[in-house]
Structure formats: C-alpha cells, structure tokens
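For the sequence shown, counting from 1, position 69 maps to 120 in our numbering; every step adds exactly one. What follows is a set of notes on a single structure, which appears directly below.
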Amino acid sequence: MTTVYEFTPRYYEVDMQGVMFNSWYLGYVDEAMNHYIDACGVPYPRWQELGVDVHLAHADLDWKVGIGFGDRVQVPVRTSRIGTKSFTLEFEFRRGEEVACAVSVVYVVVATDGSGTTAIPPEIAAAIG
C-alpha cells in the first residue's frame with residue numbers, strides 16, 4: 052500500500068538559502084508515517100492497545116533539490132521491508148513529478164512496558180505489509 056501525505060512548508064521552516072531547513076524533513080517523515088499507519092487501519096492508539104510502540108533506528112536522506120516556501124509537497128509512503136522486530140518505510144518528498152528528497156527509515160518495535168524490542172504484532176504486520 053502507498054499513501055500520500057501533503058503539506059506546504061511554513062514560513063519559519065525555510066532558511067536563509069530559501070529552502071526548507073534539513074531538520075524539518077524528519078519532522079514531516081513523522082507526520083507522513085502517522086498518516087500512513089492511519090490509512091493502513093492501525094492508527095497509533097491501536098499500537099498502544101497492543102502494547103507496542105516504535106523507535107526510529109536508522110534514517111537515510113538523499114537530497115536532490117530544495118523545497119521552498121509555498122511549494123506544495125507530496126510525500127508518498129510505502130513499506131519496503133518487514134522483519135521480525137523492525138520494518139522499513141520509504142518516503143519521497145515530491146514537487147509534482149520531481150523528487151526533492153528520498154528517505155528510508157528503519158523502525159524498531161518496542162514493548163510499551165519498557166522491556167525492550169519485541170516482535171511486530173501480526174495485526175500490524177498484515178496492515179502495513
């Protein structure tokens with residue numbers, strides 16, 4: 052499944068070079084991930100009910116061109132890998148057909164009781180797979 056999160060950078064997110072400052076990309080990745088799991092049918096409160104949460108374990112960002120103030124940005128999100136305790140989501144920051152930044156994030160599933168990493172619940176694996 053692929054979903055598309057859309058946003059327009061706000062004035063304070065753009066630096067003196069006229070492009071969205073790099074730290075905001077991961078902020079929008081979080082927003083897009085939340086949108087994705089909602090669309091997959093396992094919103095964040097359901098993860099909590101199942102006793103799990105996720106931690107970002109690794110992120111790769113590959114910038115191609117800057118995103119500026121007022122640009123309408125689409126961020127398609129898809130699952131590229133599901134393991135036993137982790138999964139990888141792919142994000143593309145797009146202005147129309149142009150990819151401004153490609154992002155790959157590995158998320159590790161953890162138990163909400165503080166006991167550490169845990170297996171991805173079958174309901175979540177099926178929904179995001």
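Glycine included, C-beta positions come from ideal geometry on N, C-alpha and C.
- Taking every protein chain shown into account, the CB of R123 has fewer than 16 other CB atoms within 10 angstroms, so this residue is exposed.
- According to the DSSP assignment, V128 belongs to the beta strand (DSSP E) that extends over 124-133.
- For S166, the secondary structure class from DSSP, reduced to helix, strand or coil, is coil.
- L107 sits in a strand when the DSSP states are folded into three classes.
- Bridge pairing for D113: A153 [DSSP].
- Approximately 7 angstroms separates the beta-carbon atoms of A151 and G117; this is inside 8 angstroms, confirming the contact.
- Note on geometry: alpha-carbon atoms of T163 and L107 lie some 15 angstroms from one another.
- T169 is positioned such that its CB atom lies closer than 8 angstroms to that of K136.
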